[in-house]
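Just remember that the working numbering sits 26 ahead of the position in the sequence shown, which is counted from 1. Note that the Cβ used here is the ideal one computed from N, Cα and C, for glycine as well. Predicted model, so just to flag it, every value in this text is computed and none were measured. Reading through the structure tokens given below for one structure.
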Amino acid sequence: MNDTNVTITPSRVAGTARAPPSKSYTHRAILAAGYAEQTTVRDALWSADTQATARAVDLFGGSVEREDGTLEIDGFGGRPDVPADVIDCDNSGTTMRLVTAAAALADGTSVLTGDESLRSRPQGPLLEAVADLGGEALSTRGNGQAPLVVTGPLSGGTVSIPGDVSSQYITALLLAGAVTEEGLAIELETALKSAPYVDITLEVLEGFGVEARKTDSGFAVEGGQTYDVDDGEYAVPGDFSSISYPLAAGAIAGDDGVRIEGAHPSAQGDTAIVDIVDRMGATVDWDRAGGTIDVQADALEGVEVSVEDTPDLLPTIATLGAVADGDTHITNAEHVRYKETDRVSAMAEELGKLGVETTEEQDSLTVHGDASVLEGATVEGRGDHRIIMSLALAGLVAEGETTIRGADHVDVSFPGFFDMLAELGASIDRT
Ligand SMILES: O=C(O)C1=C[C@@H](OP(=O)(O)O)[C@@H](O)[C@H](O)C1
Ligand SMILES: C=C(OP(=O)(O)O)C(=O)O
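Structure representation (structure tokens):
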């Protein structure tokens, strides 16, 4: 992995692209199916990250079989077995958080690790929550980062947790809480960032017949519940974080229009990208019932956008801002620094190599847009799928050649990304 460089030269794009299935829904559906008896998950995303969650379900005593986009999942019988091996969550934060809480249900000890990026991301608040609930959860280095050692079983109770580091802690506790004896009440110590991701969790739980709810101070889930989906089948909707890339490509280089299929409404906060591209000046039409979005390029103008609810859109918006005229001010962005890379700095520095001026603050990124200054250069993908895909968009308009190093990492969320871009007409050379 990470050996492929991709070179893009200025291109116009046109035609139809299909959104890959949602990564967030797929992770949750795989684990929910692990808690259930037998489930068919249709239209699942099979990417490096979702495969990490499938491996965890296997290690907990379930089984995940794949045929095309369909997963046949046998659950681990309500409570996970103690894994016979270390759980390697690879690059996936969602896997590590969701699996940590699941491991705390097992009657014994689980060990979780991941790649270098994942081993630098914050797990401390979730470890403390597990410990407060009567489990044991340690960072081997004592720095709140993986490798993690988690010992269960915990039986539930009330726990408080910050809401401004990762919403995945809440998701993890809700998914596990449903099969504890006592259930869980989760009290938020701060306002919740990335809140729509918890809405996705509530939607998936409902789909699996599990009741969980918002409370005045946070969230709650009753214990002793059974995961069971109607007709044994769960279907995953299209991914709006992934849709942001063909949508932005159409907005900056789609003179004859780009159509995106598989764009049905769901709880995803990242549907906000449709409105953002519209506000910037592109022509956009979302047929929600038909699940298609049509976008056509136009002169774009800078906007102000809060990414409080939509952290994964920051890299896409930063590239749109670089091509737009005037400043794009991306606010409420501090939690975007805790991803596969510090994406605020990563986008500032890599766009800078293409000649784009930015102003970075702890909680915001301002991109001083001017398409005429974009000039091709060699940029680093930094092992971060969203940085790679967003820099590829900039390559569509930067003069000369833009080479992205380590471009394979798109397989984390969007394995066919460069094929899609090439099919839309982008000039791409892989070496
Ligand atoms: O729960 C999820 O599926 C996700 C939640 C978000 O993370 P945070 O809650 O850590 O911001 C998001 O950035 C990530 O890509 C997926
Ligand atoms: C941050 C992301 O995912 P995760 O937290 O699961 O690594 C992402 O997909 O952008």
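CB of residue i within 8 Å of CB of residue j, strictly
i    : j    : result
I113 : V83  : no
G426 : E401 : yes
V176 : L159 : no
V247 : L210 : yes
A323 : G276 : yes
A339 : L326 : Correcting the residue type first, residue 339 is Leu in the shown sequence and not Ala. No. Outside cutoff.
S118 : I226 : no
D335 : P222 : yes
K379 : A403 : yes
D389 : E366 : no
D242 : K219 : no
L228 : A217 : no
T206 : L174 : no
I356 : V382 : no
I286 : T342 : no
P255 : D69  : The sequence shown places Val at residue 255, not Pro. Not closer than 8 Å, so no.
A43  : V310 : no
D116 : G140 : yes
R105 : L131 : yes
S268 : S146 : no
T52  : T30  : no
G288 : G264 : yes
I212 : G244 : yes
Opposing strand residues paired with residue i [DSSP bridges]
i    : result
A163 : V176
P47  : G264
D313 : T318
S332 : T357
E459 : Residue 459 falls outside the range modelled here, since the chain spans only 27 to 457, and no answer is possible.
G41  : V284
E142 : Answer by DSSP bridge pairing: none, since E142 is not bridged.
V67  : L97 and Y260
I187 : L214
V32  : I430 and R456
E154 : DSSP lists no partner for E154.
Distance, residue j Cα to residue i Cα
i    : j    : result
D351 : V32  : 27 Å
S37  : D107 : 52 Å
I414 : R81  : 26 Å
Y364 : W72  : 24 Å
T35  : S453 : 6 Å
G250 : G182 : 10 Å
T66  : T385 : 47 Å
A344 : G316 : 29 Å
L153 : R123 : 9 Å
L422 : D455 : 13 Å
A45  : G432 : 23 Å
M27  : D434 : Per-residue confidence for M27 stands at a pLDDT of 46, beneath the threshold of 50, marking its modelled position as unreliable; no derived number is given.
A128 : T428 : 43 Å
F443 : V230 : 26 Å
T318 : N169 : 45 Å
V370 : E387 : 9 Å
P188 : P151 : 7 Å
P47  : F102 : 25 Å
F329 : S292 : The question names Phe, but residue 329 in the sequence shown is Val. If I take the Cα positions, the gap works out to 25 Å.
V39  : V321 : 11 Å
Q64  : E98  : 8 Å
D304 : A274 : 10 Å
V475 : V393 : Beyond the ends of the chain as shown, which are 27 and 457, falls residue 475; an answer cannot be given.
M446 : G161 : 45 Å
E93  : L391 : 42 Å
K240 : D368 : 30 Å
A58  : L201 : 7 Å
T457 : G280 : 26 Å
P337 : V362 : 5 Å
A420 : G451 : 15 Å
T120 : D257 : 27 Å
T79  : T197 : 14 Å
L144 : Q171 : 8 Å
A163 : A157 : 6 Å
E232 : T252 : 11 Å
Check: Along the chain, which unbroken stretches of the beta strand (DSSP E) at least 3 residues long are found entirely within the stretch 400-456?
Finding: 404-406, 428-431 and 453-456
Check: Of all the beta strand (DSSP E) runs that stay within the bounds of the stretch 334-414, which reach a length of 3 or more residues?
Finding: 352-357, 383-387, 390-395 and 404-406
Note to self: Quick check on the DSSP output: what are the complete alpha helix (DSSP H) runs of length 4 or more inside the stretch 109-137, in order along the chain?
What the structure shows: 119-129
Checklist line | Segments of 3+ residues assigned as beta strand (DSSP E) that fall wholly inside the stretch 189-260 | finding: Qualifying beta strand (DSSP E) stretches, in chain order: 210-214, 238-240 and 244-247.
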